[in-house]
Amino acid sequence: MKHFGNCFCGAVELEVAGAPEAAGYCHCRSCRSWSGSPVNAFSLWKPEAVRIIAGAEHVATFMKSAMSQRKYCRKCGGHLMTNHPSLGLVDVFTATIPTLAFAPGVHVNYGETVLPMRDGLPKFRDFPAEFGGSGTMVEE
């Protein structure tokens with residue numbers, strides 16, 4: 002299965018193939034600031050499943066930290082994805098791929114939340130241990 006998406010102006014088009022490795026919500030301050038939202042919906046993909054199919058010359062990268070290489074369109078500023086080299090995964094913003102049925106399974110960085118969500122999903126204070134976090138869970 003393939004899904005297609007694009008930046009805000011349509012100059013950059015991307016494709017994701019298969020299914021995401023994980024999907025959920027990030028509550029960290031960086032994601033909130035970058036997305037302009039109280040929470041960021043993510044879908045994590047293996048790098049080989051993500052491909053820019055048009056407009057690669059318009060893609061720029063901003064790195065606030067070594068953990069996140071945020072990709073966006075130079076023309077419109079539309080956010081596309083974030084490479085996470087230390088995790089070996091790429092976060093393609095769910096709003097960028099509208100045909101993907103978003104099925105969140107987890108909350109990360111819930112210790113920083115400004116929008117508590119009572120949805121029964123697991124909530125990690127930071128990250129699961131297998132992703133370099135403490136693995137500490139937070140109550141709803």
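For the sequence shown, the numbering used here begins at 2 and goes up steadily by one.
Ideal placement from N, C-alpha and C gives every residue a C-beta, glycine not left out.
Remember, it's a predicted structure, so these values are computed and weren't measured experimentally.
Would a C-beta distance cut-off of 7 Å place residue i and residue j closer than the cut-off?
| i | j | result |
| --- | --- | --- |
| E22 | I54 | no |
| F94 | V109 | no |
| A24 | S44 | yes |
| G6 | T114 | no |
| R119 | V139 | no |
| Y111 | H28 | yes |
| T83 | R75 | no |
| C32 | G79 | no |
| M68 | S38 | no |
From the DSSP output, read off the bridge partner residues of residue i.
| i | result |
| --- | --- |
| G72 | According to the sequence displayed, residue 72 carries Lys and not Gly. K72 pairs with T62, M82. |
If you draw a straight line from the C-alpha of residue i to the C-alpha of residue j, how long is it?
| i | j | result |
| --- | --- | --- |
| A12 | G56 | 6 Å |
| K65 | D92 | 15 Å |
| G89 | A50 | 12 Å |
| A130 | G136 | 4 Å |
| H4 | K47 | 14 Å |
Could you work out which residue in the options is closest to residue i when comparing CA atoms only?
| i | options | result |
| --- | --- | --- |
| G121 | M68, E141, M2, G79 | E141 |
| F103 | T83, N41, A130 | N41 |
| V107 | L116, P123, R71 | P123 |
| P117 | Y26, A20, M2 | Y26 |
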